[in-house]
Each structure stands twice: as C-alpha cells, then as structure tokens.
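Read through the structure below, which is laid out as structure tokens, and then see the notes.
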Amino acid sequence: MPTVSMTVNGQTVSAEVDGRTLLVEFIREHLALTGTHVGCDTSQCGACVVHVNGEAAKSCTMLAVQANGASVTTIEGLSEGDDLHPMQAAFKDNHGLQCGFCTPGMIMSAVDLAKRNPNPTEAEIRKGLEGNICRCTGYHNIVKAVAQGAAGMRG
Amino acid sequence: MNDSVAGIGARVLRREDFRFIKGRGKYVDDMVLPRQTYAVIVRSPHAHATVNSIDSSAAAAMPGVVRVLTSKDFEAFGGLPCGWLVNNQNGDPMVEPKHPILAEGKVRHVGDPVAVVIANTKAQARDAADAVVVDYSELPAVVNMRQALSNPPAAVHDEAPGNLCYDWALGDKETVDAAFAGAAHVTRLEFTNNRLSPNAMEPRCAIGDYDRSNGDHTLYTTSQNPHVIRLLMGAFVLSIPEHKLRVYAPDVGGGFGSKIYHYAEEAIVTVAAKVIGRPVKWTSDRTEAFLSDAHGRDHVTTAELALDADGKFLGLRCDTLANMGAYLSTFAPCVPTYLHATLLAGQYKTPLIYCNVKAVFTNTVPVDAYRGAGRPEATYLLERVIDKAAREMKIDPAEIRRRNFIQPDEFPYQTPVALVYDTGNYEATLSAALAASDYAGIAARKAEAKSRGKLRGIGLSCYIEACGIAPSAVVGSLGARAGLYEAATIRVNPTGSISVLTGSHSHGQGHETTFAQVVADQLGQPIENIDIVHGDTARIPFGMGTYGSRSIAVGGAAIVKAVDKIIAKGKKIAAHLMEASADDVVFENGQFKVAGTDKQIDFGSVALTAYVPHNFPLEELEPGLEETAFYDPANFTFPAGSYVCEVEVDPETGVVEVCSMHASDDFGNIINPMIVEGQVHGGLVQGIGQALLEQAVYDDNGQLLTASYNDYTMPRADDMPSFTVDHQITACTHNPLGVKGCGEAGAIGSPPAVINAIVDALSELGVEHVEMPATPRKVWRAIQAAKK
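If you read the sequences in order, they're chains G and V. The first sequence begins at 120 in this note's numbering and counts up one residue at a time. The second sequence begins at 463 in this note's numbering and counts up one residue at a time.
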C-alpha cells in the first residue's frame, strides 16, 4: 500500500493507505476529521470541499495520494480553538445554516470565493456557490452570509 | 411574558450553529464504534423480477468479509409495518402486502434490497457485494399508474391483481354532481403532480450495536423520530421490547419527511450486530438514496370547479391516482387521503366537495410524505383550477379568490371536508402579498419586458395547511395506528440549570434555540442555563417526533405544560420558605413573590431547596424539581398565507427566470422570526424546485433515470432569487403558545404561484397550462403548440 504524507491543518500526517482511498476518506476515516462531509458520489454537492494548497477542492474527487505533499485545510483548521473565521461568524450571524450538513463545504467554498473576489455581487456569490448544494436554507441567508463574510475578510 | 432579549419573539442567533460551523457536528456517519464493521447492500437492478437463487460463496471468501446475509437470515422477523389503515369506499380495508426486510423470492423495484455483505472495511464490503451472484428472471414492470389499473402488465403483489391498494372517497358525489349540473361555468384541469426525491443532504446512515452482557440493542440512525422507530422496529419487526432497545438520532442532516419512516436498513444492522457480535454500520451513497429513500408526490389528477356567474365556487370534484410505489411506506396511505382531500376547501367557502383517490402499486420506490405531504398536492390542485377559472371568466385572479374567502368573522369554520379551521385572516395575507409584490403595477413591467422580447407574468397562490399533527382520537378514527401527541420533561437541576427533554427531533429546525427561548421566557431564566435534549430514547421519556410542522405546536405545547407543573410545585416550595400560602405566591421574571408584599425568593434558591430539602414541606411534597407532560392537541392548526411569484419567460428558449417571490404567511404567534423566515426560504426553494427543476423520472422498464445529482436537478444558488417574506398573525386558539407551525408552508404555497405566473406570461399566446417541472423544453413546446 502506498504511503501518503501531507500537512493537514498545520500538522504533518503520514499513513499507509489503499491506493483507491479518496482524500475525503483519508480525512474522515484516517484523521477522524469528520467536519468534512460526503453528500453525493458525483462531485456535485460540495459537502466535501476543503482547501488544497490554498484553493477549494472537492475532496471526494481526489485520491489521497494525489494530495501527497500538499497542504490541506479542512473546516476544523479554518480557525483556532473556539475562535471563528469571519466567514464562520457570518454564517451564524445571518442564519446561513439549518441542518449544518452542507455548511462546512459551503463555508470552505465561500472563503475561496471571497479570496478570489473580495467584494462579490449577489449574482457573483450565487454563481460562485453553484458547486455547493444546500437543501435547507433556500440559499437566501447563505448569500447574505457570504457577502458579510467577504466584507469581514477584507477587514 | 418575560421581556428579556432571549424570550419569545426575539431573533436569537442559533445556539446549535457553533458546532456546525466549526465542523464539530455529530452525525451518525461520524461515529465509529470499537470493532465496527461495514455493511453494503446488494440491491435489485431490475424493477420486477423473480429471484431464482443467490450465490454468495465467492463473496463470503473475499478478504475482510465477515458475513453475507440473505432473506433466509430474516425469516424469523416481521415485515416493515405500515402505520396507517385506509379503507375502501365499500368499507373493506386497503390491500396491505408484506414489505419484507430483504426481498423474499421477488424484487419489486430497482433498489429493492436482496443481500447484505458485512466486512471489516467499507471497501472490502463493496468489493464483495459485487461478487454476490443473484439469478433473476425478469417480469414485466408496472410503471404507469393508468396502465397499472386499466391494462396491467403484471401484478406488483399477488394480493392486488389489479394493482389497486385502495379506492377511497370523501364527500357525496351525487350532491356535488347536482351542483355541477346547475353551474354557470365549469373549469376542468388535468395534471400531474410530479414525483420528487426528498434529498436531505445527509444520506441515511444506521449503526447497529448489541451488548452481549445484558441483551441490549442500540440503533444509531438518521431519524426524525427515534421513539417511533423504536416502536415500529421493536414491536412489529424484530420483537425487541422497548426496554431492550435504544434508538439514538444525534445530529441529523435534514429530513423533509424522508427520515420519518422505518427503513429496512435499520432492521438489517440491528439484526446483523447481534448475529456477528460486532457493531455494523451502513451508510447510503447518493444513488442508493435515490433508490431507497421514500419519494414524494406523484399524483395524476383531474379537477373540476363549478362556479356561478359571479365567480362564486359551487362545487369541486376531483379524481386522483396516487402512486404508492412497490410497498406501503410508514405513512403512505394517509398522504393522498387525509392529508390531501381534507385540504381541498383551501381558504374558500366551496360548499360541496367530492374527491376520489385510487392508490396504486407500481414497481417504483415507495412514495410517502415529503415536505407538505398531500397539502402541496391539494394546494396545487385548487390554486391551479381557480386560476384557470378566473382566466376563463375574465375575473382578476386575486378578485375571484376574495369573492370566495372564508371571512375573519366566520371562524371557527366547518369545511365540507371534515376540518374545523379555528382562526385565520386570508384577506390580510393576500393584501400584504399583493402590496409587497406591486401586483397592481404588473402591466408596466410586462410592457417593459416585452420591449426586451421577454414575456413577464405574475401568479398567486393562497394556501392553507393542517399542521400540529394531530389529535390522537381524530386520527385514530381515520386509521392511524398511533397517537400523535408529544412529550416533554423539564428537569431543573440542583444548581438551577435546566434540562429540557423533548420528543421532538431537530434536524435543521433550530429547536435548541426556539425551545430554549420558550423555557427562558416562561421561567425567567438565562437561555445559557437551558439545555435542549432530543433524539435519544435512553434520555427522553417518550416522543412522536418531528414532521407535519408539529414541533412547536405540539412539542412546544408539551414543554409549556411541563413548565406549568414546575411553576406550580415551585410555588409550594417558595410558599413554605416564605411562610406564606401557596395561593398567594405569584411567579414573575424568575422570582417567586408573595403578592402584595416585598417578599420574594429566586428560582435558583427554590431549585436548590428542592434537592437539599432541609427546610422543605416533606409531608406534602416530594423532593426534586422535575416534571413530565404529554400534550395531545385539541385540533389541527391551520397556517395559511398568500404567495406571489413573478417570472420572465424567454419565448425563444422556453427558459423561465423567477424574478421575485413574496411570501405572506400567518403562522400564529412566532417564537423566533429569524428561524421562521429561514424555514420559509427553504420551503420556497423546494417548491420552486418542484415547479421548475425537479422530477424523479422512471423509464418504461422501471429504471430510475434520475438517480444522481448529474440527472436529478437540485435547485442551486444561481437558480433562485432572494425572497421577501412577511407575517400576519392570528393566534391559534387551542394551544398554549398560540402557534401554528411553519416548516412546510414554503413548499406548499409556492408551486402553483410559479406555474400560475408562467401561464400568465404565456396566456397572450393562448397557453392554458404547463406541467411541472416547467423545464425550458416543456415551456418551449407549450409555446409552439399554442402557436399552431
């Protein structure tokens, strides 16, 4: 079995894995970081979004070995301890989540969106979240949250 | 009422959010038990087939495989029960075929479970599942409901050779027919209410665990109602008594009805854990969810409305075919009957209503309640046929509704379809919605759109729903096999913190905030001191769970009843401590006071005294401060509202853009407006999704063509506009909080508003109806057909 090594949330991790192990399986099952979720099997829903080398990636669509040597950030690594990243705070402030299942992937996508486009319009936010499905909120409050979160990240 | 910022009516930010936004939620699939194994289910690739043999020998020999189970391993157990009996018009009971845990000799839908492979890892179980050889002989598939009844290619069940589950009716047909004979105008509409897949974002998951030391079973499961699962699986399927079975549903990632039902996989992992002596986890993947989660809607309906020359409704007559799928899911029979036909009065004074429902077995996934459950189907029927009538009679759609509204001074109002509405003000919500959407200004917007080559339309929908499910005696008389009350325990701990144990389950609704607001308000305590506990049969006395927008109206009422008992006992303790009569003690803002004096004692001191009873009236009171209440509602609640949708259609492509949607709802009193608005937003998108995007499509062979997110069109952020919502309030008259429930309204009210708007946009071309989902192809074809 191949060995993979990567940095996850600042920690160096290394493990022997079955070659077909997906990055999301490595994160959830080997590292017990269960904030990253699996909501589909066709790379559509975005519940599994993490950052790989600083960019959003669907961790269900990468093999763990493809992330060998990479720096990975999951929802658990977005903020320290009990602090909140501005995007996390914005989701709470705007009631941008209900069941919470899509939320980690949604927040990780939103952070990536705001990095690329620090002052997005409503239409740009909606287009930018096209790869993340939420069944609870109707997106209305997510869109508000992302606008506030982006403003918070601008500082 | 306490006026602290955390009390009733405040926009308190959700207390549950922190764990979710930090990635610390605890969903079932996040749990790993020691020595846990993984189950993968071998499912039928055929819609209808005889199972000749199952050869699992190769699979059993593969690496890591612990066990392969087939139907033989489940022979000792019962089938999955149906919770609601519906009788035929002639009084005979519905046909209720066995729903085996694993298929017994025959498979009846693609996805029907046939065998279970259990291995040390999920990958090993998957590999071995591929090696299970099942020999099938295909049978003709029953897919189309009309054909299933009139010219059946096969019988889904031998007990129902014509595929009819029941033929049920409500109302007196002869009287209704007579009203039609004398009508100035009759409007007729035939339509399909499209089949949907609920698609909670968290796929279902279940872990079975068995403790050999004491014979206790634990089932961790993605359920909206763990006590109901304990009852159904324990009593009817596996014969495990309640005290030996714990069902725990921790964080659950959305339900929308699909996680009400008792599913085969829950029984499978419970049995398997005992057989192999290790915990067994099954996690659905998304395609498996499409093939095994109960679907929703799927009605084929003919509706006729009789009117007098002024547009007053004289009678409504409808025939519906309702798809049950291959087996009767837990609540399936009641959805097209008692949750559909009884809502056909809507907000109107239609004096005579007749509805015939034929429920049909097909070789498709079982169909059951999905957000709204019967009420969206009733609302769509009524609001589409009324809109068509208005257009035919050249009466403004808002005006024709106003002419027929039940008036505020006519409550309580007995409808001709069994319900008694307690309160409402339909003009208030309609007026608010029309004003907010600038209904009067549509002509100018249509003209402006036309200058850009677009067709603009506006549509409205006035819905009512029966929520707060349900008075047990009433539903019992209608065939429900359970009571539908709710339970709550308030445990005041010695240091004054409060544990609220509720039978309602939260899977996105925000109970941990809303319920805590109610208790904080009533006990005058800081919300931080109040913990809402739900989802675990080991911790909560009892419960019937969350569905039918019942949590605040029934679960909240149970909490209030338990709080009342706490206050009553607290007054006696306080009276003793203050050497006063309990009758003279009042409770205000967290203080027990002797009326007319300055004597008072705080809630925390009374709590401590209850547990340290050194100075306590032990001769008349027990120590401790914990009370349980069960609340059985006196009636349903009747949320109602008006939705206005505005669309723009590109006639060249058939693409529909939703430009705006305004929702004006009457949910009675509101505990947390922020959460209520969020519920409406989510419902609106599910309703707009039904109207424009979503459909579970079967081909003629019974293959589900839309079994992934590449094929089933889920609404995404860029498909939707932002919404405006407002609330008008008439308080429910028969529960202590005056609340009606808000969870389903958005999904109920929005589909006809969208389709009415599209038809309005296309009416100048002569289009009278477009079927849901109104995809570009359907809209374009309707335009082309109208041109001919």
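Where a beta carbon is used, it is the ideal one built from N, C-alpha and C, also for glycine.
If distances are taken between C-alpha atoms only, which option among V:716, V:633, V:609, V:990 comes closest to residue 624 of chain V? V:609
Under a Cβ-count criterion, where at least 16 other Cβ atoms within 10 Å of its own Cβ denotes burial, should residue 1059 of chain V be classed as buried or exposed? exposed
I'd like to check one pair, residue 1073 of chain V with residue 988 of chain V: are the Cβ atoms closer than 7 Å? No. Outside cutoff.
Beta-carbon proximity of residue 489 of chain V to residue 686 of chain V, cut-off 7 Å: Against a cut-off of 7 Å, the Cβ pair of residue 686 of chain V and residue 489 of chain V comes out as no contact.
Alpha carbon to alpha carbon, what distance is there between residue 768 of chain V and residue 641 of chain V? 7 Å
Around the Cβ of residue 1068 of chain V, are there at least 16 other Cβ atoms within 10 angstroms (buried) or fewer (exposed)? buried
Closer than 9 Å, Cβ to any Cβ of chain V: which residues of the stretch 237-250 of chain G, in chain order? 241, 242, 244, 245, 246, 247, 248, 249, 250
Quick one: complete beta strand (DSSP E) runs, 3+ long, within the stretch 126-168 of chain G? 130-135
Which residues in the same chain have their Cβ closer than 8 Å to the Cβ of residue 724 of chain V, if we skip the five residues on either side of it in sequence? 542, 543, 690, 691, 694, 695, 699, 792
Selection of the stretch 470-486 of chain V by Cβ proximity to chain G, strictly under 8 Å: 475, 476, 478, 479, 480, 481, 482, 483, 484, 485, 486
Could you tell me the distance, in whole angstroms, from the CA atom of residue 160 of chain G to the CA atom of residue 815 of chain V? 46 Å
Are the Cβ atoms of residue 1124 of chain V and residue 898 of chain V separated by less than 7 Å? If you check the CB distance, residue 1124 of chain V and residue 898 of chain V come in under 7 Å.
By how many angstroms is the C-alpha of residue 1194 of chain V removed from the C-alpha of residue 808 of chain V? 17 Å
With a threshold of 7 Å between beta carbons, is residue 1122 of chain V in contact with chain G? no
Looking at chain G, which residues of the stretch 1177-1188 of chain V have a Cβ within less than 7 Å of any of its Cβ atoms? 1178, 1179, 1180, 1182, 1184, 1185
Opening and closing residue of the beta strand (DSSP E) in which residue 500 of chain V lies: 499-505
Which value, in whole angstroms, describes the spacing of the CA atoms of residue 138 of chain G and residue 122 of chain G? Roughly 9 Å separates the two Cα atoms.
Is residue 1077 of chain V helix, strand or coil by DSSP? coil
Closer than 7 Å, CB to CB, is residue 160 of chain G near chain V or not? yes
Determine which residues share a DSSP beta bridge with residue 924 of chain V and list them. V:1104
Opposite residue 1049 of chain V in the DSSP bridges: which residues? V:1054
Under 8 Å between beta-carbons, which chain G residues line up against residue 664 of chain V? List them in chain order, please. 156, 158, 218, 220
Quick check: what's the CA-CA separation for residue 1242 of chain V versus residue 1189 of chain V? 36 Å
Quick check: what's the CA-CA separation for residue 709 of chain V versus residue 914 of chain V? 59 Å
Quick one, which of V:1134, V:711, V:501, V:906 has its alpha-carbon nearest residue 998 of chain V's? Selected option, being the one with the closest Cα: V:711.
Would you mind reading off the limits of the alpha helix (DSSP H) that contains residue 575 of chain V? Residue 575 of chain V -> not in any alpha helix (DSSP H); beta strand (DSSP E) instead, spanning 575-581.
Does the beta carbon of residue 125 of chain G come closer than 7 Å to any beta carbon on chain V? no
Runs of beta strand (DSSP E) wholly within the stretch 155-241 of chain G (minimum 3 residues, chain order): 168-171, 174-177, 190-192
Short-range partners of chain G found in the stretch 694-717 of chain V, where Cβ spacing is below 9 Å: 713, 714, 715, 716, 717
Interface positions of the stretch 1139-1156 of chain V facing chain G (Cβ-Cβ less than 7 Å), listed along the chain: 1140, 1143, 1144, 1146, 1147
Contact list for the stretch 967-988 of chain V against chain G, Cβ threshold 8 Å: Taking a C-beta cut-off of 8 Å against chain G, the contacting residues of the stretch 967-988 of chain V are 969, 970, 971, 972, listed in chain order.
Spatial neighbours of residue 916 of chain V within its chain, please: CB distance less than 8 Å, with the 5 preceding and 5 following residues excluded, ordered by chain position. Sequence-distant Cβ neighbours of residue 916 of chain V in its own chain, meaning closer than 8 Å and more than five residues away, are 1110, 1111, 1112, 1113.
Give, in chain order, every residue of the stretch 582-601 of chain V whose Cβ lies closer than 9 Å to some Cβ of chain G. 583, 584, 585: these are the residues of the stretch 582-601 of chain V whose beta carbon lies less than 9 Å from some beta carbon of chain G, given in chain order.
C-alpha gap between residue 894 of chain V and residue 920 of chain V, whole angstroms: Near 15 Å, if we compare the C-alpha coordinates of residue 920 of chain V and residue 894 of chain V.
Sequence-distant residues of its chain with Cβ nearer than 7 Å to residue 1119 of chain V (five each side left out): 1109, 1110
With 7 Å as the threshold, decide whether the Cβ of residue 205 of chain G is near any Cβ in chain V. So no, residue 205 of chain G is outside the interface.
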